[in-house]
Amino acid sequence: MAAEGHGVNYQELNSIFKSLGERGEEAQVWKEYNEHVFSFVLELVSQHLSKTTENCLKVRPYGSAAEDLKCIAHDDFGDVDIMLFPTSDNTMIYEELLEYSPENRLHVRIKGSDHPVLQSCLVKDTEYVATSALKDFHPAIYGSSSPELIDRIVQMLRMLSREDLTVFPQCMISWKNKKTSPAFTVDVKQSFITMLEELKKMEESQCLQHLDVAEWEWLAHSIHIARGSEYAKEYAEVMDDLFQYICGLQAKLTEAGPIGILQGFPGYCQEPRDTSENHNADESGSRMGEAASHDQPRDRPENRDADESGSSTKSPNDVSRPNRNDASSFDSQERNSHLSEEPMAKQVIESEDADGKTKDATDQDGNKDPIESKPELKTSTEKVKLTSEDVPLKEDHKEEDEKRKIASKHVYEHILGTGTEMKDYPGIAKEYKRKGGMDFVPALRSGGWPKVARDWNKRERKWPSPEMVDKVIQEGYHLVVKPPKKSASPDCDFRISFSHAEYLLSQEMNDIHRECYRCLKKFHRAHLSKPAGLITFHLKNMFLQTIEETGAELWTESNRAMCMMKLLGNLLEALTKKDLRHYFARSYNLFGVDYIEDHEILEPLADEVKKIMDNPIGISKELIQLQVENEECHSSSEPALPAKPASEHAHGGTDENRSSSSSDSHSKEEVSTVPVLKTETAQGGSPTTSYRYHDLKDIYLQVSRELVDMAFNDADCSLEALDPLEKSLVEDLRELARVHGGKVEDYVKMFETCWELSYYKVWISTESDTRRRMLLAIQGDVEIFKYIGKQEDLAPGNEDAIANRMRDPSIDDPFDLNHVFPAGIGAQICRRWLKRS
Numbered sequence: 001m002a003a004e005g006h007g008v009n010y011q012e013l014n015s016i017f018k019s020l021g022e023r024g025e026e027a028q029v030w031k032e033y034n035e036h037v038f039s040f041v042l043e044l045v046s047q048h049l050s051k052t053t054e055n056c057l058k059v060r061p062y063g064s065a066a067e068d069l070k071c072i073a074h075d076d077f078g079d080v081d082i083m084l085f086p087t088s089d090n091t092m093i094y095e096e097l098l099e100y101s102p103e104n105r106l107h108v109r110i111k112g113s114d115h116p117v118l119q120s121c122l123v124k125d126t127e128y129v130a131t132s133a134l135k136d137f138h139p140a141i142y143g144s145s146s147p148e149l150i151d152r153i154v155q156m157l158r159m160l161s162r163e164d165l166t167v168f169p170q171c172m173i174s175w176k177n178k179k180t181s182p183a184f185t186v187d188v189k190q191s192f193i194t195m196l197e198e199l200k201k202m203e204e205s206q207c208l209q210h211l212d213v214a215e216w217e218w219l220a221h222s223i224h225i226a227r228g229s230e231y232a233k234e235y236a237e238v239m240d241d242l243f244q245y246i247c248g249l250q251a252k253l254t255e256a257g258p259i260g261i262l263q264g265f266p267g268y269c270q271e272p273r274d275t276s277e278n279h280n281a282d283e284s285g286s287r288m289g290e291a292a293s294h295d296q297p298r299d300r301p302e303n304r305d306a307d308e309s310g311s312s313t314k315s316p317n318d319v320s321r322p323n324r325n326d327a328s329s330f331d332s333q334e335r336n337s338h339l340s341e342e343p344m345a346k347q348v349i350e351s352e353d354a355d356g357k358t359k360d361a362t363d364q365d366g367n368k369d370p371i372e373s374k375p376e377l378k379t380s381t382e383k384v385k386l387t388s389e390d391v392p393l394k395e396d397h398k399e400e401d402e403k404r405k406i407a408s409k410h411v412y413e414h415i416l417g418t419g420t421e422m423k424d425y426p427g428i429a430k431e432y433k434r435k436g437g438m439d440f441v442p443a444l445r446s447g448g449w450p451k452v453a454r455d456w457n458k459r460e461r462k463w464p465s466p467e468m469v470d471k472v473i474q475e476g477y478h479l480v481v482k483p484p485k486k487s488a489s490p491d492c493d494f495r496i497s498f499s500h501a502e503y504l505l506s507q508e509m510n511d512i513h514r515e516c517y518r519c520l521k522k523f524h525r526a527h528l529s530k531p532a533g534l535i536t537f538h539l540k541n542m543f544l545q546t547i548e549e550t551g552a553e554l555w556t557e558s559n560r561a562m563c564m565m566k567l568l569g570n571l572l573e574a575l576t577k578k579d580l581r582h583y584f585a586r587s588y589n590l591f592g593v594d595y596i597e598d599h600e601i602l603e604p605l606a607d608e609v610k611k612i613m614d615n616p617i618g619i620s621k622e623l624i625q626l627q628v629e630n631e632e633c634h635s636s637s638e639p640a641l642p643a644k645p646a647s648e649h650a651h652g653g654t655d656e657n658r659s660s661s662s663s664d665s666h667s668k669e670e671v672s673t674v675p676v677l678k679t680e681t682a683q684g685g686s687p688t689t690s691y692r693y694h695d696l697k698d699i700y701l702q703v704s705r706e707l708v709d710m711a712f713n714d715a716d717c718s719l720e721a722l723d724p725l726e727k728s729l730v731e732d733l734r735e736l737a738r739v740h741g742g743k744v745e746d747y748v749k750m751f752e753t754c755w756e757l758s759y760y761k762v763w764i765s766t767e768s769d770t771r772r773r774m775l776l777a778i779q780g781d782v783e784i785f786k787y788i789g790k791q792e793d794l795a796p797g798n799e800d801a802i803a804n805r806m807r808d809p810s811i812d813d814p815f816d817l818n819h820v821f822p823a824g825i826g827a828q829i830c831r832r833w834l835k836r837s
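Spelled out as structure tokens, the structure:
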């Protein structure tokens, strides 16, 4: 093993290979990120998908990042492989369903004609499962909501890659899906700022302490909408606690440096969630503020609201909106994927008394309203849904479902808006030389062990342990979309993937294994990547074979150089013989046509490896020096980026801007407690307010009540003296009352319901005058009332039909979704949020 013929000074070479193979600070940061942040987030996604999809989807990372074999370069922070696969037993693929290709033993076809799930996923006129079933996320495999969910993710990625969302800009995102590739690829290019530098900036600036609670409440409100609950005042107090917790956490994490920020991420996410879910626990429960700073606990909201007898009010988790079911919503698929759109408006219907008779419109004193009433205007007790329920479709419902999908896509595209994707952004694209990305690989899970690799568990070896071999075989493998290059039927050819087995084997690797492999990858990047053909997958298989032959015990600090020379020697032998066997399936030559079409390129690559082995010290030193020069060069050429404006208030403005009212009722006494309309201008000239969510709600309800009062109770009101917009709204309300009737309180309640969506319009608006901002939101709500009111089939029980009509862009009288929210509001929220946070 000593490679004696090369006359190598192994003691010096040990030190050089150590320097070349060590992670380095940036790579260590990425390791911690992948372990504590990325994998944690994917696990949360998996838990969510397991609850919301029929076949329990799993999303997990594989490859170098998951195995801690990642090699970070000055211009490349590497790729992450993410596999998506169903885990239900009814989607498991067993050996008897596989038909192996005689020419390409790692490629198979799946016979699905008798399979209860896969029989709807076949290539036409065959018994084989179509590869497009995976690429298109067929509902039978991935669940009924998956195609729409994936389509929305793609739309979101495209939105994030637009010029108008490039905040500094630091990052460029592009998405591609090649037919012959097993993966959906998201490529990311960024400026020269490394993750380590970003974390240090976070540590130095204490930037988390400058976050404005008011700028995050839209997210908290959206989460509550998706859960079907109200973002009540008690939850706003929880938000205060959360931001206190973040500030305390920031102080704690920065004591441990940038790595501490990443390592603390799971606890940071888990603790606030647990605390929020147990917000109504007794006094022995922990508070978020206590966990962060160990301050004295404040009284709980439920204890503060308790009456003198000691009984507590309803806890935030039990808060329910009395008229929640009156609101219309984008339902079904959107709700199942937790991407639900929010309620639009209550339906206008006739009001009946207990005897079923239509009541006259009267005021609170029992008098007739000043406007002659028709059938009374009142809120419905049923939801107006914008999608149908998510149930298995019958044949005669397919056309209706297709219309629903088109309408849902129309709504989603309206939210995201349109823009130019940033491909060659002038003056900036040239700076994007640091790249990386993610590969999303749809797959099927297979039980047992493939026939083509049966000899792997039987052959003599020094590594891995017998227990690990058993575990690898027991946990099985995956099937991915990857036809052979010369395939007669690429539409049904799958490839066996051993990514999970490789991940398990990595758990029995030590630091010397990993450092030698990183060192080998650096040699490959600098000397063996041209001519193109030899890839890291080749190196990985040769690496695993070498460990199996030598045993893990030999890979020690003192043997580092010998182990590295052994790797180079085995690579040289494979290149010379033009034969590199797959580690798990020895019958498969990886230098075959699927990877190396022209064997002539192997000869110059073998010559390069021989040069490295003849002068490992000299070439390694040159590689280290080049690496240092590149890092210094790119560090010094980092483009100057605009500084983020710091919020003046950490928790949503001064006390005088915050409402002291604890009730959402609308008596005259409470209207007087609404905050004074006050506008601030943020740095950079963008008008904004520091009002919190409930402050804005109080102002909105105050203004809407004033308009209703003018329309119903102030007959002597001079419309000519009003602002043109106010005049128009009063006239519209009077017309609605004339045609549909209704009492003052009916209209007030309708505006209360509309606030949930109006909040987004109010929050995102750039209008500097706060009252006018409210009037513009109310104008959209009135247009919703008018559209619903003129529907001929307006009646209880017909809410779905009206709601679907409002989403359908193809009807003769299409509803303008700008009345609900401005086109591109999703992009506007992202832009606003990113700039402030």
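According to the UniProt record's numbering, the stretch in the sequence shown is residues 1 to 837, in order.
Even for Gly, the Cβ is constructed at its ideal location relative to N, Cα and C.
Name, in chain order, the residues that DSSP records as bridge partners for residue i.
i	result
M438	V80, V186
V129	L122
I624	According to DSSP, which records beta bridges pairwise, I624 is partnered with nothing at all.
S506	Its beta-bridge partners do not exist; DSSP assigns none.
M172	K189
F821	None, per the DSSP bridge assignment.
L444	L479
F85	K58
A226	Beta-bridge pairing links A226 to no other residue.
For residue i, which of helix, strand or coil comes out of DSSP?
i	result
K458	coil
E638	Any reading at E638 needs caution, since the residue's pLDDT is 47, under 50, leaving its predicted position unreliable; the model's value is listed next. It is coil, neither helix nor strand.
S144	coil
H107	strand
V593	coil
Y760	helix
R586	coil
G112	coil
Y235	helix
A795	coil
I259	helix
A526	helix
I93	strand
Give me the Cβ distance between residue i and residue j, rounded to the nearest whole Å; I'm assuming they're in contact under 8 angstroms.
i	j	result
V108	F494	5 angstroms
R152	W175	With 8 angstroms as the limit, R152 and W175 do not qualify as a contact, their Cβ atoms being about 13 angstroms apart.
L580	F591	5 angstroms
I788	I778	With a Cβ gap of about 16 angstroms, I788 and I778 do not count as contacting.
Assuming residue i is part of the alpha helix (DSSP H), what are its boundary residues?
i	result
K610	602–614
I784	770–789
R738	724–740
H478	Not the alpha helix (DSSP H): H478 falls in the beta strand (DSSP E), residues 477–481.
F712	693–712
L567	560–577
S15	10–21
F543	536–550
Y100	It is not in any alpha helix (DSSP H) - Y100 instead sits in the beta strand (DSSP E) that spans 98–100.
F523	511–523
G417	No alpha helix (DSSP H) contains G417, which DSSP labels as neither H nor E.
If the criterion is Cβ atoms closer than 8 angstroms, does the pair residue i and residue j meet it?
i	j	result
S506	D68	yes
K135	P442	yes
residue 883	E127	Because the chain in this structure spans residues 1 to 837, residue 883 falls outside the shown range and cannot be described.
H410	L444	no
Y759	L696	yes
D75	K435	yes
L729	V782	yes
V186	G437	yes
From which residue to which residue does the beta strand (DSSP E) around residue i run?
i	result
L57	57–62
E496	The question names Glu, yet the displayed sequence has Ile at residue 496. Segment 494–497, the beta strand (DSSP E) holding I496.
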